[in-house]
Every structure is written in C-alpha cells, then in structure tokens.
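Engineer: Residue numbers (our numbering): 3 to 169.
Each residue gets a CB set at the ideal place from its N, CA and C atoms; glycine is no exception.
1) Pull up the DSSP beta-bridge partners for residue 98, would you.
2) Shorter than 7 angstroms from the beta carbon of residue 48 to some beta carbon of chain D?
3) Return the first residue and the last residue of the alpha helix (DSSP H) that residue 148 is part of.
4) With DSSP run on the structure shown, which of helix, strand or coil describes residue 162?
5) Please list the segments of the beta strand (DSSP E) lying wholly inside the segment 49 to 100, counting only runs of 3 or more residues, in order along the chain.
6) On a CA-only basis, which of 112, 156, 87 and 80 is nearest residue 65? Give me that one, please.
7) What's the gap between the Cα of residue 128 and the Cα of residue 150?
8) Check whether the segment 98 to 106 touches the segment 115 to 132, counting contact only when three or more Cβ pairs, one atom from each stretch, lie closer than 8 angstroms.
9) Taking one C-beta from the segment 74 to 94 and one from the segment 129 to 136 each time, how about it: are there three or more such pairs within less than 8 angstroms?
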C-alpha cells in the first residue's frame, strides 16, 4: 500500500495535469477577433461616418515585424498586416525590401487614430516614416485607405490584447 506521501504526490501530479489541460482549453491566444485563418478583423472609422473592415495578420514580435509582407506576390483585397510597436516611436519607419506588393502604410497612434499615411513602392529601400508618435503600423494594398474614404484622423479598433492603458 502506498504511503501517504506517495499518495499526496500522485494527487498533486493529477491536479497539475488537470490544470494544464484546463489552461490549454481556454484558447491560450488573446487575439479575440481571430478567425480560423489566423486573421484578425479590424474596423476603421472616418470622422464623416464612413467605415471599412480589414482582415489582418498581427506582427507582434521582432521576427514577424522584420519579415512583414516580404516575398509575397499578392495580398487579398481586404487584407493587411498590423505591426505592434511597443514602446511607441516617432521617426522610425517602414521600407519595402523584398516586398513585391505596392502598399500603403497607416501610422497609428497609441489609441488608434491614424496620424499619417504613406504609399510605398515594391522592392525599394526608401524609409517611410512620420515624426508623430505611433504604436502601430497597418499595411494594406496601395490605395486601400483612399478607396474606402479613410485617412489621417480615422480611428482603428485596436485588438484588446494590444490596447494601450488609458485608451
């Protein structure tokens, strides 16, 4: 017959396994609006009431941010990439090394307001930046923002996992 200490170890081990399975079943990823393809849907609203939805991949680590949309031949019409930049910066920017798709980048302030836009040509090393502080960059097909009547001052719904305190 096992000792009390051995039985206690078994109970603790079983409890640890149960906790691990419970945590794994909770969805681990905090990107609430993700679909089955790993895309998050953002809504962007202009001051005049116009709005549009865009499905984005999230680039929230160094490797994803440095790779971005490189080496791709196309980007679906209403898709893009949201770059998470923490802490906020001013002056740094985006370039198109090994990116074969013409893009527009929206520089987004800490609370979701678009502070600047820049059109970017494929396969160039021109740095596109703004002197306005920003926490996010949203790349979409070139002209996407203009086509939807969105510009500086429009507001992007930031996913809960990346919202800044006080926003």
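Structural biologist: Working from what's here:
1) Paired residue(s): none; residue 98 is not in a bridge.
2) Checking the listed chains, one finds no chain D in this structure; it contains a single protein chain.
3) 146 to 149
4) helix
5) 53 to 61 and 81 to 91
6) 87
7) 26 angstroms
8) yes
9) yes
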